[in-house]
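Undergrad:
In our numbering, the protein residues as written are 1 to 515.
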């Protein structure tokens, strides 16, 4: 496993390491070229007058490095600069082949060096360019030597000593290139590890931050669809407020750990329902919940309002299951929620400062939703007239008259949302009954198939024992299902009704849930 500090340093220096290795391979290539030319002159294969060409071949890499530094400071793109240098290298190597009088083995060694470098650093297109530039350099060099000495002609066959030197130079270059490539691969591997680690850290951080933002907002920020800047807009939204009746008094009576567990359970369950219906959770204030529909995504004002009211009805139904669970945990207070909903034009967006902002909504119609929640009876869902106009075709509602709300000069017509029309009668997903010593609440859409046998078995055993007048004390809970039965507290005349209700519940589970 690579050392983290080493990985970080090498990751940061990867660009510099690549630049240095490219420069070193260039120096090595031209050392091979100038070495073969110098050795050829020393072996008297080439005239002493060619000694002048050795200096430019040695100076070329240093000159190129200076030119590259100047180009980088002037903002020339690294890719463009690299491709240009590859073509310049090929041009000079072509000229070096002419200096070697086109001796076959030495020239092939130089061609192998320059074209392998072009292919490994650029691909086939730069390689084709290198072929053209090599031919151009060789042609210019050959023409120059012919002009200087009309008797000039290629010497295809080099002496054995020069061939050995050429092959040795090629081998050294290939070995050094392989070494540099291995180091480059290692640096890249370390860089990839560093990037993966940074991505993992960023993902973990984004998941943590997501818990402080509505999922819709976090998703739009994460994908770049929304920017974190101060901006607002007017939009028609449906706004939801709820709280637990008498929560302040209850919080003084319960132990802190019990209160915390109860509140976290309540908020978790309400959040799950809100997200399933597509609501944007604005904030929690103690036991109060604020949700709105229509931003950042909207399905249209009518659908937004329907989803909000459907969510509220499901929350009220789900509270029956939660109350039964809390009773089993020793919380005897009858916890019920109040809900107010209004539809209207509000200001929505980011409010605050550049360093600290809050995504929320403001406006008179927001206040009206809060006033409706305050005027609501426990266990009720109050909606405004504007919301009622949007949902009355799909929601069972009844008028409850007008209310006077603080901050509003005129009486406000309000309606109670009771149920979805498609859930009317026996088709309702909810089954609920409660009396002294007995409570059964279930949400058929939340019951898992793998719990079906356990639920049916529990109902059957409990009903049989109750018929046989055997003592029954039972608290059974599964996802979407709660059953409490205490035969000692159950009034005798209530037993037939309880047995009949349990039978109907078992039939609903049997019919509507398929394994």
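Beta carbons: idealized from backbone N, C-alpha and C, even for Gly.
#1: Shorter than 8 Å, the distance from the beta carbon of residue 38 to the closest heavy atom of the ligand SAM, or not?
#2: According to DSSP, residue 432 sits in a beta bridge with which residue or residues?
#3: Would you call residue 253 buried or exposed, if buried means 16 or more other Cβ atoms sit within 10 Å of its Cβ?
#4: Might you give, ordered along the chain, the residues of its own chain that have their beta carbon closer than 7 Å to the beta carbon of residue 107, omitting 5 neighbours on each side?
#5: Considering residue 308, what are the terminal residues of the beta strand (DSSP E) in which it resides?
#6: Which one or two residues does DSSP pair with residue 292 in a beta bridge?
#7: Span of the beta strand (DSSP E) holding residue 478?
#8: I believe residue 328 touches residue 475 by the beta-carbon criterion, under 8 Å. Please report the beta-carbon distance rounded to the nearest angstrom.
#9: Could you say which of 361, 182 and 60 lies nearest to residue 235 if we only look at CA atoms?
#10: Based on DSSP bridge pairs, tell me the residues matched to residue 413.
#11: Just how far apart, CA to CA, sit residue 187 and residue 180?
#12: Leaving out five residues on either side along the sequence, give the residues of the same chain with a beta carbon under 6 Å from the beta carbon of residue 239.
#13: What number of angstroms, rounded off, separates the C-alpha of residue 444 from the C-alpha of residue 345?
#14: Apart from the five residues on each side of it in sequence, which residues of its chain come closer than 7 Å, Cβ to Cβ, to residue 515?
#15: Where in the segment 371-397 do unbroken runs of the beta strand (DSSP E), each at least 3 residues long, occur, reported from the N-terminal end onward?
#16: Residue range of the beta strand (DSSP E) that residue 486 falls in?
#17: For residue 22, is the classification buried or exposed, using 16 other Cβ atoms within 10 angstroms of its Cβ as the cut-off for buried?
#18: Nearest to residue 337 by CA position, among 137, 378 and 287, is which residue?
#19: Taking the continuous alpha helix (DSSP H) assigned at residue 64, which residues delimit it?
#20: Out of 129, 176, 511 and 462, point me to the one whose CA is closest to residue 84's CA.
#21: Look at the Cβ atom of residue 160, then the Cβ atom of residue 39, and state whether they are nearer than 9 Å.
#22: Could you give the residue range of the alpha helix (DSSP H) that holds residue 146?
#23: What does the alpha-carbon distance come out to for the pair residue 127 and residue 71?
#24: In this structure, how does DSSP classify residue 506 when only helix, strand and coil are distinguished?
#25: Who does residue 351 pair with in a DSSP beta bridge?
#26: Output needed for residue 498: all residues of its chain with C-beta closer than 6 Å, excluding positions within five of it in sequence on either side, in chain order.
#27: If you draw a straight line from the C-alpha of residue 57 to the C-alpha of residue 177, how long is it?
#28: Quick one: what does DSSP say residue 339 is sitting in, helix, strand or coil?
#29: Spell out a yes or no on whether the segment 53-68 and the segment 110-122 are touching, meaning 3 or more CB-CB pairs, one atom from each, closer than 8 Å.
#30: Which residue's Cα is closest to the Cα of residue 283: 397, 359 and 334?
#31: Taking a contact to mean a Cβ-Cβ separation below 9 Å, would you say residue 248 touches residue 340 in this structure?
#32: Assuming residue 433 contacts residue 405 (C-beta within less than 8 Å), just tell me the rounded distance between them.
#33: Looking only at its chain, what residues have a beta carbon closer than 8 Å to the beta carbon of residue 245, apart from the 5 residues adjacent to it on each side?
#34: CB-CB under 8 Å to residue 124, same chain, minus the five flanking residues each way: which ones, in chain order?
#35: Less than 8 Å between the CB atoms is what I'm expecting for residue 483 and residue 440, so what's the real figure, rounded?
#36: Compare the beta carbon distance of residue 416 and residue 400 with 9 Å and say whether it is the shorter of the two.
TA: The short version:
#1: The model on display carries no ligand, and the ligand SAM is accordingly not part of it.
#2: DSSP output for residue 432 lists 441 as bridge partner(s).
#3: Exposed is the call here.
#4: Close CB contacts of residue 107 within its chain, under the 7 Å cut and outside five residues either way in sequence, are with 97 and 100 (chain order).
#5: Not the beta strand (DSSP E): residue 308 falls in the alpha helix (DSSP H), residues 301-328.
#6: Answer is 239 and 280, bridged to residue 292.
#7: Element bounds for residue 478: 473-478.
#8: Yes, they are in contact, since the Cβ atoms of residue 328 and residue 475 sit about 5 Å apart, within 8 Å.
#9: It is 361 whose Cα lies nearest to the Cα of residue 235.
#10: According to DSSP, which records beta bridges pairwise, residue 413 is partnered with 402.
#11: Straight-line measurement puts the Cα of residue 180 at about 10 Å from the Cα of residue 187.
#12: Cβ neighbours of residue 239 beyond the five flanking positions: 292, 342, 366 and 369.
#13: About 36 Å.
#14: Caution applies to residue 515, whose pLDDT of 43 falls short of 50 and renders its modelled position unreliable; the model cannot decide the point.
#15: Listed in chain order, they are 381-384.
#16: Taken as a continuous stretch (DSSP letters only), the beta strand (DSSP E) holding residue 486 covers 481-486.
#17: When all chains shown are included, residue 22 counts as buried.
#18: Selection 137, 378 and 287 evaluated against residue 337 yields 378 as nearest (Cα-Cα).
#19: Its alpha helix (DSSP H) spans residues 54-73.
#20: Ranking 129, 176, 511 and 462 by CA distance to the CA of residue 84 puts 129 first.
#21: Taking 9 Å as the Cβ cut-off, residue 160 and residue 39 do not qualify as a contacting pair.
#22: Counting along the chain, the alpha helix (DSSP H) containing residue 146 begins and ends at 124-148.
#23: Approximately 23 Å between the Cα atoms of the pair.
#24: In the structure shown, residue 506 sits in a helix (DSSP, three-state: H, G or I).
#25: Partner(s): 358.
#26: Around residue 498: 438.
#27: Near 20 Å, if we compare the C-alpha coordinates of residue 177 and residue 57.
#28: Residue 339: strand per DSSP, three-state reduction.
#29: Taking a cut-off of 8 Å for Cβ pairs, the segment 53-68 and the segment 110-122 do not touch, as fewer than three such pairs fall below it.
#30: Residue 359 holds the alpha-carbon nearest to the alpha-carbon of residue 283 among 397, 359 and 334.
#31: For residue 248 and residue 340, no; Cβs fall outside 9 Å.
#32: Wrong, their Cβ atoms sit about 35 Å apart, outside the cutoff.
#33: Counting only Cβ-Cβ distances below 8 Å, and skipping sequence neighbours, we find 335, 336, 337, 338 and 378.
#34: Closer than 8 Å at Cβ, skipping near neighbours: no residue.
#35: Right, the Cβ-Cβ distance comes to about 5 Å (below 8 Å), so this counts as a contact.
#36: Yes. Within cutoff.
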